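Please read the structure below before turning to the comments.
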Amino acid sequence: MALLERLYTNIYYLVAVVLFVIGFHTMLTHKNLIKKLMALNIMDTAIFLFFVAIGYRQGGQAPILVPGVEKFVNPIPSALILTGIVISVSFTAFALALVVLLYKHYGTLDSDEIIAIRGKKHV
Amino acid sequence: MSLFLQSPVLAVIIPLLFFVVIYMVERRSWRLRNALAVLAPLASFVFLASNYSRVLAGERVLIEFPAILPPLGMSFSVDYLSLLVGLVVSGVWFLVAVYSTEYMVKEHAKNRYYPFSTLTLAGTMGVVLSGDLFTLFLFFELMSLSAYVLVVHEETAEAMRAGYKYLVLTIIGGLALFFAIIAVFEIAGTVSFASGGFIAEASGLAVLAFYGFLIGFGIKAGIVPLHVWLPEAHPVAPSPASALLSGIMLKTGVYGLIRVVFNVFGHEVVRAGGLDTVLLGLAAVTIFLGSAVAIAQDDIKRRLAYSSVGQMGYILLGIGLLQERALIGAIFHIFAHAIMKATLFLSAGAIIYKTGKRRVSEWRGLGREMTVTMVSFTVAALSMIGIPPLVGFVSKWELALGSLDAGSWGFVILLLLSSLMNFIYYFPVIQNTLFGEQHAAKEVSPKTRELPLAMLAPIVFMALVIVFVDLFPQSGVLDLAKRAAQALFLVVK
Amino acid sequence: MFSISHAPILMVVTLLMTAFVVPLVRKNMRLAKGLFLGAGLIVVALAVLITLEVLQSGTMIYAVGEWSAPHGIELVVDAFAAYASLVVSVISFIIYWFIVFAPREVNYEAGYYALILLLSAAMHGIVMAGDIFNLFVFVEISSLAAVAIIAVKGTKESIEASFRYLMLSALGSGGLLFSIALLFMITGHLNMGYMRVALATTAGQYPLNLLTALAFMVIGLGVKSALFPLHIWLPDAHANAPTGSSALLSGLVVKVYVIAFMRIAYMLLGMDLFYILPLRQILLVLAALAIIAGSVFAIVQDNIKRLLAFSTVAQVGYIFLGFSLLTARAVEGAIWHILIHAIMKTLLFLAVGVVIQQSGYKKISQVHGLARRMPLTFACITLGALSMVGIPGTAGFISKLYLALGALDAGLVIFAVLILISSLLSAIYYFPLIITAYFGHDASPDVKEPSLAVRLPLVILSLAILFYGLMPSMLLPLVRQTALLITR
Amino acid sequence: MHDLILEVVNRLLLPFIQLFGMYILFHGHLSPGGGFSGGAVIGASLILYSLTFRFAKVKHRMDHDTSVFFEAAGALIYVGIGFVGLFFGYNYLTNRGVFPLGVPGQLWSSGMILVITLALGAKVSGTILSLFQELLEGGSDEHGTP
């Protein structure tokens, strides 16, 4: 029972870790570059969830100090994660641009094939 | 700034400057280039010689630049040993430079040879005149790396191979030295030479450092297990460069060892650590193997190179005995061997220059056409064998006496054995060339005549030195060697 | 009005603003180039001012927006930050110069300049940040810009390399962010000074969190700084980038992440904690592996730029080694090596880039006798290589000297020997290039030296190598102070 | 491709999306939201517009240069406004004491934050659109300004 209790109170962290592992696994096992990118985003999301969960309080509201708001979440993690999201978006956008170019040059999105093509050129 | 104008520093800086100047003017005028290349060692010689009276009065000239490369600092010093070795280096270098102006006419890439020869001189003078281990190391590397250019001068596949071997071993040696120096610095907090040494005891790290020095200097000096580059690198270089490599640059290795044994560790610590046994063992192997292998060589320059290995063993023996008279022999042999080997390489080079024949077996009867050259060769060879009153005899005599003083009969026998082997590999050459019949007269081109003066004069001059130094004790070489050895054994703690 | 205290933020802002303006004036390339160089020069001047100020009156703390710590964002300019931004600004200005005057290698030049300025701004931000999240943001900006300046070349190899770099870099960022989250959980702060104070009491309570955080930190910054087993992206990325980018990436960017790591170690963890945790041993082992493996991989390379890239892996190992040995002289060696390797590797990459541009030869086996056609360039390469090997009289000797002395101070003779072995290995991989170039026989007759303006940076860097090889006293006080910060 | 339903619905929706984006921008200092979220909404609306109507037509209205201009100008305003603090003798990016702060909770309050939010909105929407255009144009002159 204590274990369940503990799991429940840490549910956000738990989910974050599970998401992270899913992302990591996908990234390692899938050959498709787009899927790799999606996996990367899942991992990022997991970390964001983790970070936001640090500052979350059950039933808390947005931390804007107007009358009526008594219980609010810690604003710092949220603010940081906003930045994190921006960074993640830029990464993704840039990576997509590169993927487009890669497809143009190699005609495939399969990482193994790309390596094979590149390897042939070297020989 | 005035510090830089002190004469010992100038003896090092001038060749360095000349390197730059030669590099700049060589495309405009080859005459100026050659003149500068000859002038550089002469200037070094003069600047160093100007310290003669000061040093002989017992003063140790010391110039320090602590600002350069803290925490080690840089310093130059002149004492008896550096004076003797420095004068030998610059003097022989001057003669070889004169010789090379004529010899190199037939060679390619002269614009590379002259500046790098001068740069090597700067390195060598720096090694000899350094006042601490770090300065020594710095110039040692400068010398070794610029000498690489001389080794591979011919650019044949053989030369490149030999050069690469030389380069790798040089780097290994440099790193071993580097390790040893920082270990010394770690132990003692200083790297400046002090009479009697500054290492207190032969601790584990100190012994490790000693082996580092042994490897570093041993590679340069061609001590036997580390000599592998030498018989390949010396013969492939142009003859004047061979003379410099064999006659002079090997000496920097043993010079460094002398400094390490007497001015860094101190002979007492070396003896206490049992390190002299290592030196003696190596010396015995070096003497024996160097001489023995030389017999089997037919290529004259290879034979001379192996002979150098054996001769380095003598000097190492003189150091390892840790005995004053033996050290006199060793220091004197630095001078004697430099002169003898330079004469041998230059005259052998002259023959190759004239006839293109490198093999001893092809030299039959050449002495009739190039009599002066071959007589000089003979004088140097006899001196190598140890015939009195030539210089080679003096060093062997002192070494043998030193061995007796130390109670090591075995080394006397070894010296005699080595002399015998010297005889075996030099005498046939002399016999063949001077007295042999020309068995195939057609092969010798009819134009084989005596050498041009610029090549002949240095050879003859050195041959005369070999003959007369010992006959005129007032020349002071032996005296200087004695004083140097005494100073090294002086313990001031 | 503008007192010296604003200089730190002005450095970042100058570069950022120029980065945004340059694409707007892309129709007028002369103006764009002028702005590009001007910004670089201003930053060099500011860095010199900051350095003098820090040497005179100690650490500068700049609270952005008048919000002071723990809530606000601070720039903490201590001796280390001043030193690092001096190195970054000077070396990157030399590279700017080269990029502007060398033959162009990219299509969209103004964009390229903008990216490089952005990268420089981020690097200055990283070395000065006093707030770990701010540091993270700058790390991200620099990572993106670093990837972009590889991809701008537009060849398929460069795009493939930059994509791989991007993915690994993103993974590293994830790790870094995760570790920041964990550290924030333990300490409740983001300002590194406050975090250290909080850690003093809470580190014992949450050892697992702390260890996990540090593991992710090592992985995150390790990927970005190419610490040995995480270096796999580096050779391709650095070898396929345009010349200026290669120099910038190998000479500075990789090292800035090491600096970030060092700053986190002493500002956030405190060296006591660093010593207690197994971090030091792990880093020592990884650094040793990096030194050996980087050198061994470099030996088998024929492509010159790949060779240089692998050599960077080994050299980063030196910096980590010196830092984690933690004796005063070893740390000084590591700090020297940050500067000296920046000089050497920039010189080598620029010079090799010049060779490739002028002759089209990319491999060691192709450069036969090229030194006769390009004597100055190859003289510079030779000097750089000698310095890499650590020949005394060149700058590379200084850092090796200090590192080896530091290893002996720490009683770890094995690491001193390791440094020597690695020097030997670098000799083995650098000398064939030089020997081939000087002694080969079929020189291509139509290859020429580049213009004077392109040769100038090479000459300046070569002179710097000689100067620091013999007279390092000029920067010595700064290096000493920096080392004191870390080892106190 | 010409899809009537898509176009009509789009025409109807677009003003509301953009208005919402504007709302988020202007209330960035009062409620959850701000420069990035608002800019993203506006940028997304522009992408939607480009997707629905033919690309050439959109290009005529808002070409790549314009989006790049917004991108750079937004960032410049943000960076530039920090200097105002310097001119008044404060640190970079200072708000308090330099700008009128107003009454908390009202639209015109909190000094320069609103200006920054708007600049960021321009920057973000410009960036998103220019990235999209970049991808459409096939990255012929690749420059990935993040």
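Chains as they are written, first to last, in this note's numbering: chain H, 1 to 123; chain Z, 1001 to 1493; chain G, 2001 to 2488; chain E, 3001 to 3146.
The beta carbon of each residue, even a glycine, is placed where N, CA and C say it ideally should be.
As the structure is a prediction and not an experimental result, all values here were calculated from the model.
Could you please give the first and the last residue of the uninterrupted alpha helix (DSSP H) stretch that includes Ile2149 (chain G)?
-> For Ile2149 (chain G), the enclosing alpha helix (DSSP H) has its first and last residue at 2132–2151.
Assign Val1264 (chain Z) to one of two classes, buried (16 or more other C-beta atoms within 10 Å of its C-beta) or exposed (fewer than that).
-> Residue burial is scored here from C-beta neighbours: Val1264 (chain Z) has at least 16 other C-beta atoms within 10 angstroms and is therefore classed as buried.
Quick one: is Ser1361 (chain Z) buried, meaning 16 or more other Cβ sit within 10 Å of its Cβ, or exposed?
-> Counting C-beta atoms within 10 angstroms of its own C-beta, Ser1361 (chain Z) has fewer than 16 neighbours from the protein chains shown and is therefore classed as exposed.
For Gln1297 (chain Z), count neighbouring C-beta atoms within 10 Å of its own C-beta (all shown protein chains included) and say buried if the count is 16 or more, exposed if not.
-> Buried: at least 16 other Cβ atoms inside 10 Å.
Going by DSSP, name the residue or residues bridged to Phe1076 (chain Z).
-> DSSP, once it has assigned bridges, lists Z:Ile1063, Z:Ser1130 as partnering Phe1076 (chain Z).
With a cut-off of 8 Å, do at least 3 Cβ pairs link the stretch 1477–1484 of chain Z to the stretch 1128–1137 of chain Z?
-> No, they do not touch.
Using a cut-off of 8 Å between C-beta atoms, extract the partners of Phe3036 (chain E) located in chain H.
-> The answer, in chain order, is Leu82, Ile85, Val86.
In the stretch 2049–2094 of chain G, which residue ranges form an unbroken beta strand (DSSP E) of at least 3 residues, counting only runs that do not cross its ends?
-> 2060–2063, 2074–2077, all fully within the stretch 2049–2094 of chain G.
Residues of the stretch 1138–1159 of chain Z with Cβ closer than 8 Å to any Cβ of chain G, in chain order | Listed in chain order, the positions of the stretch 1138–1159 of chain Z with a beta carbon within less than 8 Å of a beta carbon of chain G are Leu1138, Glu1141, Leu1142, Leu1145, Val1152, Glu1155.
Could you name the residues of chain E that Val2064 (chain G) contacts, counting a contact when the two beta carbons are closer than 9 Å?
-> Within 9 Å Cβ-Cβ: Gly3082, Asn3091, Tyr3092, Leu3093, Thr3094.
Helix, strand or coil: which one does DSSP assign to Arg1028 (chain Z)?
-> Three-state result, Arg1028 (chain Z): coil.
Answer yes or no: do Ile1385 (chain Z) and Phe1423 (chain Z) have a C-beta to C-beta separation smaller than 9 Å?
-> Yes.
Got a sec: which bits of the stretch 43–58 of chain H sit with their beta carbon under 7 Å from any beta carbon on chain G, in order along the chain?
-> From the stretch 43–58 of chain H, only Met43, Asp44, Ile47, Phe50, Phe51, Ile54 have a Cβ closer than 7 Å to chain G.
Starting from the beta carbon of Ala3072 (chain E), find every residue of chain G whose beta carbon is closer than 8 Å, and list them in chain order.
-> Here the neighbours are Phe2020, Val2021, Pro2023, Leu2024.
Hey, would you say Ile2381 (chain G) sits closer than 9 Å to Val2352 (chain G), going by beta carbons?
-> Inclusion of Ile2381 (chain G) and Val2352 (chain G) in the CB contact set at 9 Å is warranted, their separation being smaller than that value.
Phe20 (chain H) - containing alpha helix (DSSP H), residue span = Per DSSP, Phe20 (chain H) belongs to the alpha helix (DSSP H) from 11–29.
So which residues of chain E does Leu96 (chain H) contact, with C-beta pairs closer than 7 Å?
-> Correct list: Leu3135.
Where Glu2160 (chain G) falls, given that 16 or more other Cβ within 10 Å makes a residue buried | Using a 10 angstroms sphere on the CB of Glu2160 (chain G), the tally of other CB atoms reaches 16 or more, which defines it as buried.
Cβ contact (3+ pairs, closer than 8 Å) linking the stretch 1333–1346 of chain Z and the stretch 1275–1287 of chain Z | Contact fails: fewer than three Cβ-Cβ distances are below 8 Å.
Exposure of Ser1117 (chain Z), with buried meaning 16 or more beta-carbon neighbours within 10 Å | Buried: at least 16 other Cβ atoms inside 10 Å.
Nearest-angstrom Cα separation, counted from Arg2164 (chain G) out to Leu3135 (chain E) = Note on geometry: alpha-carbon atoms of Leu3135 (chain E) and Arg2164 (chain G) lie some 19 Å from one another.
Please work out which residues of its chain come closer than 8 Å, Cβ to Cβ, to Phe2090 (chain G), disregarding the five sequence neighbours upstream and downstream, and give them in chain order.
-> Checking the displayed sequence, the identity of residue 2090 (chain G) turns out to be Val instead of Phe. Taking Val2090 (chain G) as the centre and dropping the five residues before and after it, the same chain places the C-beta of Val2044, Ala2047 closer than 8 Å to its C-beta, in chain order.
Within-9 Å CB hit, Ile2159 (chain G) to chain H = So, interface residue.
Of all the options G:Ser2423, G:Leu2035, G:Val2285, which has the alpha carbon lying nearest to the alpha carbon of Ala2298 (chain G)?
-> Closest option to Ala2298 (chain G), judged by alpha-carbon separation, among G:Ser2423, G:Leu2035, G:Val2285: G:Ser2423.
Using a Cβ-Cβ cut-off of 8 Å (strictly less than) and excluding sequence neighbours within five positions of Val2106 (chain G), which residues of its own chain qualify?
-> If the five residues before and after Val2106 (chain G) are omitted, its C-beta is found closer than 8 Å to the C-beta atoms of Tyr2112, Val2152, Lys2153, Gly2154, Pro2242, all from its own chain and listed in chain order.
In terms of DSSP beta bridges, what is Asn2303 (chain G) paired with?
-> Asn2303 (chain G) pairs with G:Lys2363.
Continuous alpha helix (DSSP H) stretch holding Asp1479 (chain Z): start and end = First-last of the alpha helix (DSSP H) with Asp1479 (chain Z): 1477–1489.
Cβ atoms of Gly1318 (chain Z) and Glu1398 (chain Z): under 9 Å apart, would you say?
-> Cβ distance < 9 Å, so Glu1398 (chain Z) and Gly1318 (chain Z) count as in contact.
CB-CB under 7 Å to Ser1192 (chain Z), same chain, minus the five flanking residues each way: which ones, in chain order?
-> In its chain, beyond the 5 residues on either side, Ser1075, Gly1131, Asp1132 have a beta carbon closer than 7 Å to the beta carbon of Ser1192 (chain Z).
For Phe1472 (chain Z), count neighbouring Cβ atoms within 10 angstroms of its own Cβ and tell me buried if that reaches 16, exposed if not.
-> Exposed.
What is the rounded straight-line gap between the Cα of Ala2427 (chain G) and the Cα of Val2064 (chain G)?
-> Each residue's alpha carbon lies about 48 Å from the other.
If we call anything under 9 Å between Cβ atoms a contact, is Thr3117 (chain E) one with Gly3028 (chain E)?
-> Taking 9 Å as the Cβ cut-off, Thr3117 (chain E) and Gly3028 (chain E) qualify as a contacting pair.
Just the Cα atoms here: how many angstroms apart are Ile3081 (chain E) and Lys2363 (chain G)?
-> Between Ile3081 (chain E) and Lys2363 (chain G), the C-alpha separation is close to 51 Å.
What residue range is occupied by the uninterrupted alpha helix (DSSP H) comprising Gly1310 (chain Z)?
-> Element bounds for Gly1310 (chain Z): 1300–1320.
With distances taken between CB atoms, is the gap from Ser2142 (chain G) to Val2256 (chain G) smaller than 9 Å?
-> With a cutoff of 9 Å on beta-carbon distance, Ser2142 (chain G) and Val2256 (chain G) are scored as near each other.
Could you run through the stretch 2140–2157 of chain G and flag, in chain order, every residue whose CB is less than 9 Å away from some CB of chain H?
-> Listed in sequence order: Glu2140, Ile2141, Ser2143, Leu2144, Val2147, Ala2148, Ala2151, Gly2154, Thr2155, Lys2156, Glu2157.
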